[in-house]
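Engineer:
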Amino acid sequence: MRGMARTGRSLAWLAVAFAVGLRDAFLNRPRIPPTNPVGIQNRAWTWRGCQVRYQVLGEENTGPSVVLIHGLLVNADHWRKNLPALAEAGLRVYALDLLGNGYTDRLEPGSEKAAEISGERGRELRDVDTELVISRGVRQKVTVPQRHPLGSVYNIFTWSEQVSDFIKEMVKSDVFLVGNSLGSLVSLQAAIDSPDVVRGLLLVNPRFRQEHVSEAPAVARPVISWVQRVLRETPVGGWLFNALSTEAAVTEILKEPYYDSSQVTPELVEVLRSPLLLKGALESTLDILSYSTGPLLEQLLQDMRPETPVWVCWGERDPWTPLQRVSALDEFEAVKKLVEPPVQLFSFFSLFFSALRHSRKGTRRIPPKK
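Residue numbers (mature numbering (1 follows the signal peptide of the UniProt record, and there is no 0)): -25 to -1, 1 to 345.
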């Protein structure tokens, strides 16, 4: 009888494991590795029914809380060297994968589930008139469509709500946000959506979204739309994705933004490339690359409350940051400090610590929901 009971329990566990495996495969749910390459524990948080991978160090520290938000098509492991340094400085530091990136779930962009959790849902999104900063003292008026033309879940409003909810549910205190590239726009939108929990922002090599329809000449917009459709809807997209996601191709691509090519190590290539090989990554990547509407950097800075300070830093040798535009961002009231290091970025600690020292406001814990 005992043997039969043990056999029954074993079969039950196998059935559960099989069911979980089917569920994860159906949801394009990645298996989260126990740790990242430098040994930081990976954790899972459930957000609107989706699995979100995140990391935290310095939970017991008494310093300010910091949330690191990664850039375009990368993931929380991009911060793997920064988390320990910030935690050793006394901060509570978090990093998470945005929806559709890293080891966070990848939904079919236009599926019913995706539509249910999209950050565009429930918002009255109309075209916005704003001014682009072309260079110091030179601006260009443009109209910026806010809504995703295909209704995809992969948009700045979705990621903003993900970050805002993460702060309230997992960090449980007000925070400083550090956003790199696309993460800079997500950080700004989160600060606008949840001003009561964001103390300040540091934008690292902020993204100007030159592929945005408002940035492109009118004559080029139909061509851009056609190219995006070809990438999403024909085998061309898959072929190009496979060609550019090889180890050699990723290595060469990374040598552009990294001025010091010695930093492009096999470890860096692996942490950025591995999630791109997971199920659903092709569809989410092509969809994100085709996202050419939604908020622009200048629009968000214009909408920021002046009392929420924004610091901006970038690398003078960064080929992906338009230097004339980024160096003129202090024309916006919310931008309190611009710093241009003499070399390419990702070494921004001195600026960040200076920003924290100038903040007189103490950490405020967020009370739990009743």
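We treat Cβ as the ideally placed atom computed from N, Cα and C, and that holds for glycine.
List the DSSP bridge partners of residue 116.
Structural biologist: Paired residues: 106.
Engineer: Give a yes or no on whether the C-beta atoms belonging to residue 121 and residue 102 are separated by under 8 Å.
Structural biologist: Taking 8 Å as the Cβ cut-off, residue 121 and residue 102 qualify as a contacting pair.
Engineer: What do you reckon, are the CB atoms on residue 151 and residue 177 nearer than 8 Å?
Structural biologist: Yes.
Engineer: Would you kindly check if the distance between the Cβ of residue 248 and the Cβ of residue 222 is under 8 Å?
Structural biologist: Yes, they are a contact pair.
Engineer: Can you name the residues that DSSP bridges to residue 161?
Structural biologist: Paired residues: none, contrary to the question.
Engineer: Closer than 6 Å by C-beta to residue 276: which residues in its own chain qualify, once you throw out the five before and the five after it? Chain order, please.
Structural biologist: Counting only Cβ-Cβ distances below 6 Å, and skipping sequence neighbours, we find 307 and 309.
Engineer: Rounded to whole angstroms, how far is the Cβ of residue 286 from the Cβ of residue 315, which I believe are closer than 8 Å?
Structural biologist: Wrong, their Cβ atoms sit about 12 Å apart, outside the cutoff.
Engineer: On the CB-based measure, 16 or more other CB atoms within 10 Å of its CB, does residue 156 come out buried or exposed?
Structural biologist: Classification for residue 156: buried.
Engineer: Looking at residue 123: is its Cβ nearer than 8 Å to the Cβ of residue 266?
Structural biologist: It is a contact, given that the beta carbons lie within the stated cut-off.
Engineer: Residue range of the beta strand (DSSP E) that residue 26 falls in?
Structural biologist: 25 to 32 is the span of the beta strand (DSSP E), which, as asked, contains residue 26.
Engineer: Which one or two residues does DSSP pair with residue 181 in a beta bridge?
Structural biologist: DSSP output for residue 181 lists 156 as bridge partner(s).
Engineer: Take the Cβ of residue 37 as the centre, count every other Cβ of all protein chains shown within 10 Å, and call the residue buried at 16 or more, exposed below.
Structural biologist: Label assigned to residue 37: exposed.
Engineer: Starting from residue 67, trace the beta strand (DSSP E) both ways and give me its first and last residue.
Structural biologist: Taken as a continuous stretch (DSSP letters only), the beta strand (DSSP E) holding residue 67 covers 67 to 71.
Engineer: If we require 4 or more residues per run, which alpha helix (DSSP H) segments fall completely within the region 272 to 321?
Structural biologist: Segments of the alpha helix (DSSP H) lying fully in the region 272 to 321: 272 to 278 and 298 to 301.
Engineer: Looking at the strands, I want to know which residues DSSP matches up with residue 175.
Structural biologist: Beta-bridge pairing links residue 175 to 151.
Engineer: In whole angstroms, what separates the C-alpha of residue 136 from that of residue 104?
Structural biologist: Each residue's Cα considered, the two are about 23 Å apart.
Engineer: Report buried or exposed for residue 119, applying the criterion of at least 16 other Cβ atoms within 10 angstroms of its Cβ.
Structural biologist: Answer is buried; the Cβ neighbour count reaches 16.
Engineer: CB residue 39 to CB residue 71, shorter than 8 Å?
Structural biologist: No; because the gap between Cβ atoms is not below 8 Å, this pair is not in contact.
Engineer: Which residue or residues does DSSP assign as beta-bridge partners of residue 22?
Structural biologist: Answer by DSSP bridge pairing, in chain order: 25.
Engineer: Could you give the uninterrupted runs of the alpha helix (DSSP H) lying entirely in the region 189 to 213, keeping only those of 4 residues or more?
Structural biologist: Counting whole runs of 4 or more residues, the region 189 to 213 contains the alpha helix (DSSP H) stretches 196 to 208.
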